[in-house]
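UniProt numbering puts the sequence shown at residues 1 to 426. Glycine included, every Cβ here is placed at the ideal spot set by N, Cα and C. Quantities reported herein were computed from a predicted structural model and do not represent experimental measurements. The next block holds one structure in the form of structure tokens; read it before the comments.
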Amino acid sequence: MDCRLCPPRRTPALLTVLSLSLWAVQAIAPAAAHAAFPGANGKIYIVDQATDPDKEIYSIDPDGTGLAKVTDNDVDDGNPAVNAAGTKIAFTRFTDTQHLWTMNIDGTGQTQVSPEGIIDSRIDWSPDGTKIVYSTPGGLKTVNADGTGATALGVDGQVPAWSPDGTRIAYGSGANVFTVHPDGTGVTQITAAPSGQAARGPDWSPDGTKIAFTLGPLQGGTPQIHTINADGTGLANVSNDTVPAGAPLWSPDGTKIAYSANQDVYTMNADGTGKTLLSGVPGFQFATDWAPGSAPAAADIDVDLTAQPKLGILVPYLSYTLTARNTGPGAVTAATVKASLPPGATATGLSTGCSTAAGTVTCTYGAIANGASADKSFRVPLNLLSLGQVSVTGTRTASTPADPVSGNDSATATCNVVSVVLAACP
Numbered sequence: 001m002d003c004r005l006c007p008p009r010r011t012p013a014l015l016t017v018l019s020l021s022l023w024a025v026q027a028i029a030p031a032a033a034h035a036a037f038p039g040a041n042g043k044i045y046i047v048d049q050a051t052d053p054d055k056e057i058y059s060i061d062p063d064g065t066g067l068a069k070v071t072d073n074d075v076d077d078g079n080p081a082v083n084a085a086g087t088k089i090a091f092t093r094f095t096d097t098q099h100l101w102t103m104n105i106d107g108t109g110q111t112q113v114s115p116e117g118i119i120d121s122r123i124d125w126s127p128d129g130t131k132i133v134y135s136t137p138g139g140l141k142t143v144n145a146d147g148t149g150a151t152a153l154g155v156d157g158q159v160p161a162w163s164p165d166g167t168r169i170a171y172g173s174g175a176n177v178f179t180v181h182p183d184g185t186g187v188t189q190i191t192a193a194p195s196g197q198a199a200r201g202p203d204w205s206p207d208g209t210k211i212a213f214t215l216g217p218l219q220g221g222t223p224q225i226h227t228i229n230a231d232g233t234g235l236a237n238v239s240n241d242t243v244p245a246g247a248p249l250w251s252p253d254g255t256k257i258a259y260s261a262n263q264d265v266y267t268m269n270a271d272g273t274g275k276t277l278l279s280g281v282p283g284f285q286f287a288t289d290w291a292p293g294s295a296p297a298a299a300d301i302d303v304d305l306t307a308q309p310k311l312g313i314l315v316p317y318l319s320y321t322l323t324a325r326n327t328g329p330g331a332v333t334a335a336t337v338k339a340s341l342p343p344g345a346t347a348t349g350l351s352t353g354c355s356t357a358a359g360t361v362t363c364t365y366g367a368i369a370n371g372a373s374a375d376k377s378f379r380v381p382l383n384l385l386s387l388g389q390v391s392v393t394g395t396r397t398a399s400t401p402a403d404p405v406s407g408n409d410s411a412t413a414t415c416n417v418v419s420v421v422l423a424a425c426p
């Protein structure tokens, strides 16, 4: 067993020495990332090892706001992992030895799960929330969430990560990343680290197609975050930085990766661009989970379109009102409705937020509360070519959050034009 991944209890002097390299960082924060359950990007869970006299668990929003303390006691807590339902946190706690615990998402209901001592290393939930995988001195084990049914997988490994589809568990062993089925069969080597280097801390992408991990020299150097396809092809250095970077953690929507660098937590786009400091909270923090958040409640937009003939000073016209009505249950944050005009027709007098191109008027709407509506208007001038039936159709083309009902996304207003000065819009 590679005990560079077995973290010692820290002292200030030890922190000073170990902060010099990312492998040292992982000696106190062992490659703390695991598979992101697909969904919206919720809170990131971090562990503080310096500002408290013992390790405590915190959560923080992806934009660096909303720091909240989840545990507060005189023992070391670490390696928090949130289940896919967002209701429970599994974590490790050091009392007489290291044990596996669970608690409610708000920190209440703390319960010891493992009857045996475990390794201070990342843990992970199965996607259905019924089991937890963890590391022991004898190798990887799974256990039911209530602490029953502990089962050895028969592989010597640490830092396990359960795949989002539940069929495989990735882990580090020796200098490489492997996968194994939850029943202990089908061991497969994924990485092939060059001589003198090691791959650490596998983390599944939320769609299960890629694994992120840290690759770097066995001692010192500048390890970096890499990704690889789940079949072992397509190795890529994504962090590609001049400072050590490691402990990758994929976001639930798959677009970003959180990671540790310079004794702090950063985020970057999945391709390595857009590196951003997540939090400047004093003390050494390392991310251990990026939990799925609750998607905003759906909001149904009911589109309405009305028309009236108007006698302008110079040119008669048809006046249209394009209404976006929010029937809930959630609040609309943005919406787009496009109106199609008759052949040869043009639009004038557009409301703010509306634009026109050949044969169309496009109107964008801002926030619309549940039960509220917003109107946009425009005019279609009449001429001799407008005689007969004039029909305009407005259709919702985009909105946030999701619209659960498509049957009311369009509306049509039809006017009968007898002459340029006589029109009726029933």
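{"Asked": "With distance defined between alpha-carbon atoms, name the residue in 291, 326, 39 and 204 nearest to residue 167.", "Found": "204"}
{"Asked": "When you measure from the CB of residue 200 to every non-hydrogen atom of the ligand MG, does any distance come out below 7 Å?", "Found": "With respect to the ligand MG, the structure shown offers nothing to examine, as it has no ligands at all."}
{"Asked": "Just to confirm, is the Cβ distance from residue 84 to residue 124 under 8 Å?", "Found": "no"}
{"Asked": "Expressed to the nearest angstrom, what Euclidean distance is found between the alpha-carbon atoms of residue 271 and residue 173?", "Found": "26 Å"}
{"Asked": "Would you decide whether residue 422 is buried or exposed? Buried here means 16 or more other CB atoms lie within 10 Å of its CB.", "Found": "exposed"}
{"Asked": "Would you list, in sequence order, the uninterrupted beta strand (DSSP E) runs of no fewer than 3 residues that lie entirely inside the stretch 133–189?", "Found": "139–144, 158–162, 169–173 and 176–180"}
{"Asked": "Going by beta-carbon coordinates alone, are residue 293 and residue 129 separated by less than 8 Å?", "Found": "no"}
{"Asked": "I believe residue 44 touches residue 57 by the beta-carbon criterion, under 8 Å. Please report the beta-carbon distance rounded to the nearest angstrom.", "Found": "The pair is not a contact, with the Cβ atoms about 12 Å apart (cut-off 8 Å)."}
{"Asked": "Look up residue 309 in the DSSP assignment and say whether it is helix, strand or coil.", "Found": "strand"}
{"Asked": "Please report the Cβ distance between residue 413 and residue 305, rounded to the nearest whole angstrom; I am assuming they are in contact, meaning their Cβ atoms lie under 8 Å.", "Found": "5 Å"}
{"Asked": "Using DSSP with H/G/I as helix, E/B as strand and the rest coil, what is residue 95?", "Found": "coil"}
{"Asked": "Spell out a yes or no on whether the stretch 182–189 and the stretch 233–244 are touching, meaning 3 or more CB-CB pairs, one atom from each, closer than 8 Å.", "Found": "no"}
{"Asked": "Looking only at its chain, what residues have a beta carbon closer than 7 Å to the beta carbon of residue 269, apart from the 5 residues adjacent to it on each side?", "Found": "255 and 256"}
{"Asked": "For residue 403, which residues in the same chain have their Cβ closer than 8 Å to its Cβ, ignoring the five residues on either side in sequence?", "Found": "298, 299, 300, 301, 396 and 409"}
{"Asked": "By a C-beta neighbour count over all protein chains shown, 10 Å radius and 16 as the cutoff for buried, is residue 311 buried or exposed?", "Found": "exposed"}
{"Asked": "Of all the beta strand (DSSP E) runs that stay within the bounds of the UniProt domain \"DUF11\" (317–414), which reach a length of 3 or more residues?", "Found": "317–329, 334–340, 354–357, 360–365, 373–381 and 388–400"}
{"Asked": "Less than 8 Å separating the beta-carbons of residue 136 and residue 116?", "Found": "yes"}
{"Asked": "Pull up the CB-CB distance for residue 347 and residue 356, whole angstroms please, since I reckon it's below 8 Å.", "Found": "4 Å"}
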